[in-house]
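Residue numbers for the sequence shown follow our numbering, beginning at 345 and rising by one. First comes the structure, then the notes that go with it.
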Amino acid sequence: LLGLTTVSGIIGGLLFVGFWWRFGYPLVCVMLVGLVLGFLMASIIFFTPV
Numbered sequence: 345l346l347g348l349t350t351v352s353g354i355i356g357g358l359l360f361v362g363f364w365w366r367f368g369y370p371l372v373c374v375m376l377v378g379l380v381l382g383f384l385m386a387s388i389i390f391f392t393p394v
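Here it is, written out as structure tokens:
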């Protein structure tokens, strides 16, 4: 499971950098990273038992 997570993270990071390299505009990459961070924060908030 750890290897699958590592591989998917590397592929996702390469896709984000590929968007930045292809379009020459870092805002798209930053928006995608912000979206992923939002999903992470929402899942932490909603799935943390109280």
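From the three backbone atoms N, C-alpha and C, an ideal C-beta is built for every residue, glycine too.
Proximity below 8 Å, CB of residue i to CB of residue j
i	j	result
F363	L346	no
Nearest neighbour of residue i, chosen from the options [CA to CA]
i	options	result
V372	L359, F383, L384	L359
V374	A386, P393, R366, V361	V361
Fully enclosed by the region 356 to 384, which beta strand (DSSP E) runs are 3 residues long or longer? none
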